[in-house]
């Protein structure tokens, strides 16, 4: 590397999720995992260091260019290597095989990511770098471009390749290059008969690359075949590879069409289900995320224990476990939450320190231990150079949001949008902050932009339905509620939105009926009880209203909303002391936003009496 060359970090522009709408303690934190881990590969972007190596100059090889010298690099087995796998050149003359250019690269990324001794640049990260370079539409990657990618990503080894098909014979050729000096390390060629042999060929090539890089295998490490990790159907993998390409371009709906095709062809395509689970949860579709994650985990659990552990080293499989953890937590199913969390915590030991700290911070957030969450973020900040921190911002933003520090959360999401202006979930979260601050015009603008970019964000539909109900825009409110029903018919917050519309129309019996349905579907969600309590209060039944609010506090004493409703109940009864105490508790838990201002005014008025 020449003096003065600047290695820029890779901005991880991932999707984010915030599944809570009316309750600030609902399902949170997966967003940070998507940001960290992406859809494929290990997704571990640690500070790269060149492995200690001895280099021996050898003679030219048949695969080398004229005058090119190969270098055998002997790497100490306890040093982690880094590898970027480029798109393969299609030399078959058959354009219907163009999908294999990225498809073979993705297979190798998935296969080699099993190694404990190797960090593999994910397909998403490679695309992001090429996009920065203005070369994201390349059908394959030449050596000069690959070297520039390696410099930008701080990757020490790159893999270039091509494939041909003559009759029924398929051949894959690959060259390992030193990413710093462009020296050839080793050239490999594998052959097979018919396209269906591509999976076996990739496994052979992966093992050859491990040998070429002198990678050791840990005692708890397994080497699964690519068919065990993905599919044995070439048609299913073609659809999957096309879906990944669309996801890399952030064309999420187009990507999901291909994934649906993949699992229709092969209903046991574990990896496709895991990617789908991460996507659906990312946009707040509870039912589809749960269904895809359950399917992925069921298929994973069929594998023998060593193979299952090896598969879960891939971030996408690990994420399926995380999806289930957050899903069970979100619906208040404590036994299943504990079980899912125990699986997720086991996976922490296989992650580098930054990712481990991030997941622990999310766990603290879900437990409501915000102080511990911030402590873990401080540790993460100390570990990371400043330029790498933006990739971890989303989880921090949600932590600020849940603690009611909306200005800090707003700044986080604005920073995210500066990195990626079309990041739909960041627009959604910014809209959610505006909603809590009472700036409805800004709320509507951000949520509409989020839905323009990604129409499946359920939380945005729910909030807009609530806003339009308040404003008397009944048809628009009903449109967004119907979108939620279409996307996720099991979502209990449909009944929250409907109940509030009836409240604003003073149709209290219908509002209470809707809120009761919310409680039936989510009995352990404190917000469902607050909604029902508010319905009773508006109807004039303060006794039942108080009972529901106290039940919400019993479920989660750190949830602010029931204290505000209790203050209204006590004030109406003339119990000023209890009303003041409830308002103070509300303000301690939620010190910012429109409702905090209202609470402060009511508190001051009561204290003056």
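Numbering (the numbering used here), first residue to last: 9 to 617.
Glycine included, every Cβ here is placed at the ideal spot set by N, Cα and C.
Quick caveat: nothing in here was measured; it's all calculated off a predicted structure.
Report the CB separation of residue 423 from residue 408 in whole angstroms; it is logged as a contact under 8 Å. Not quite, the Cβ-Cβ distance comes to about 12 Å (not below 8 Å), so this is no contact.
Inspect the beta-carbon positions of residue 469 and residue 488 and report whether they are closer than 8 Å. For residue 469 and residue 488, yes; Cβs fall inside 8 Å.
Length of the line joining the Cα atoms of residue 569 and residue 490: Distance between the alpha carbons of residue 569 and residue 490: 27 Å.
Just the Cα atoms here: how many angstroms apart are residue 518 and residue 107? Each residue's alpha carbon lies about 54 Å from the other.
Local Cβ density within 10 Å of residue 501, reported as buried at 16 or more and exposed below that: With 16 or more Cβ atoms within 10 Å of its Cβ, residue 501 is classed as buried.
Nearest-angstrom Cα separation, counted from residue 417 out to residue 68: In this predicted model, residue 68 has a pLDDT of only 36, less than 50, meaning its place in the structure is not dependable enough to derive any value.
Evaluate residue 301 with the Cβ neighbour count: other Cβ atoms within 10 Å of its Cβ, from every protein chain shown; 16 or more gives buried, anything less gives exposed. Buried is the call here.
Using CA atoms only, rank isn't needed, just tell me which of 413, 239, 253 is closest to residue 272. Ranking the options by Cα distance to residue 272, first place goes to 239.
Contact the region 142-149 vs the region 97-115: 3+ CB pairs below 8 Å: The region 142-149 makes contact with the region 97-115, as at least three CB pairs between them are under 8 Å.
Who does residue 179 pair with in a DSSP beta bridge? Listed as beta-bridge partners of residue 179 by DSSP are 172, 199.
Would you report the Cα separation of residue 609 and residue 615, rounded to the nearest angstrom? About 10 Å.
Could you tell me which of 587, 578, 572 sits nearest to residue 5, measuring between CA atoms? Outside the displayed span of the chain (9 to 617) sits residue 5, for which this structure offers no information.
Do residue 539 and residue 507 have their C-beta atoms closer together than 8 Å? Yes, Cβ-Cβ distance for residue 539 and residue 507 is below 8 Å.
Please report the distance separating the alpha-carbon of residue 603 from that of residue 255. So the two alpha carbons sit approximately 39 Å from each other.
Residue 350: buried (16+ other C-beta within 10 angstroms of its C-beta) or exposed? Residue 350 should be labelled exposed.
Taking buried to mean at least 16 other C-beta atoms within 10 Å of its own C-beta, is residue 86 buried or exposed? With a pLDDT of 38 at residue 86, under the threshold of 50, the modelled position of that residue is not reliable, and the figure given next carries that caveat. Result: exposed.
Starting from residue 92, trace the beta strand (DSSP E) both ways and give me its first and last residue. For residue 92, the enclosing beta strand (DSSP E) stretches over residues 89-93.
Looking at the structure shown, is residue 535 part of a helix, part of a strand, or coil, going by DSSP? In the structure shown, residue 535 sits in a helix (DSSP, three-state: H, G or I).
Considering only DSSP beta bridges, list what residue 126 is partnered with. Under DSSP, the beta-bridge partners assigned to residue 126 are 89.
So what does residue 98 bridge to, in DSSP terms? In the DSSP output, where bridge partners are listed per residue, residue 98 has 171.
Can you tell me whether residue 160 is buried or exposed, with buried defined as 16 or more other CB within 10 angstroms of its CB? Flag for residue 160 reads buried.
How about residue 384 and residue 374: are their beta carbons less than 8 Å apart? Taking C-beta atoms as the reference points, residue 384 and residue 374 fail to come closer than 8 Å.
Using the Cα positions of residue 269 and residue 607, report the straight-line distance between them to the nearest angstrom. Approximately 52 Å, taken between the alpha carbons.
Backbone CA spacing between residue 59 and residue 225 [nearest angstrom]: Confidence is the limiting factor: at residue 59 the pLDDT is only 33, short of 50, which leaves the residue's position unreliable, though a coordinate-based value still follows. Taking the straight line from one Cα to the other gives about 17 Å.
Residue of 126, 534, 594, 553 minimising C-alpha distance to residue 322: Considering only alpha carbons, the answer is 126.
Report yes if the C-beta distance between residue 245 and residue 381 is below 8 Å; otherwise report no. Contact flag unset, no.
Which class does residue 150 belong to by DSSP, given the choice of helix, strand or coil? In the structure shown, residue 150 adopts coil according to DSSP, grouped into three states.
Here's a check: name, in chain order, each residue in its chain whose Cβ is nearer than 7 Å to the Cβ of residue 211, leaving out the five neighbours to either side. Residues of the same chain with a CB within less than 7 Å of the CB of residue 211, apart from the 5 flanking positions on each side, are 119, 233, 234 in chain order.
Which whole-angstrom value describes the C-beta separation of residue 516 and residue 546, a residue pair presumed to lie in contact below a C-beta threshold of 8 Å? Contact holds; Cβ gap of about 6 Å.
Pull up the distance between the alpha-carbon of residue 524 and that of residue 544, whole angstroms please. A straight-line Cα-Cα distance of about 11 Å links residue 524 and residue 544.
Exposure label - residue 77; buried when at least 16 CB within 10 Å: Confidence in residue 77 is poor, its pLDDT being 32 and thus under 50, which makes the residue's placement too unreliable to answer from.
Use the C-beta contact count for residue 533: other C-beta atoms within 10 angstroms, 16 or more gives buried, fewer gives exposed. Buried: at least 16 other Cβ atoms inside 10 Å.
Hey, how far is the Cα of residue 279 from the Cα of residue 250? Looking at the two C-alpha atoms, the distance is approximately 14 Å.
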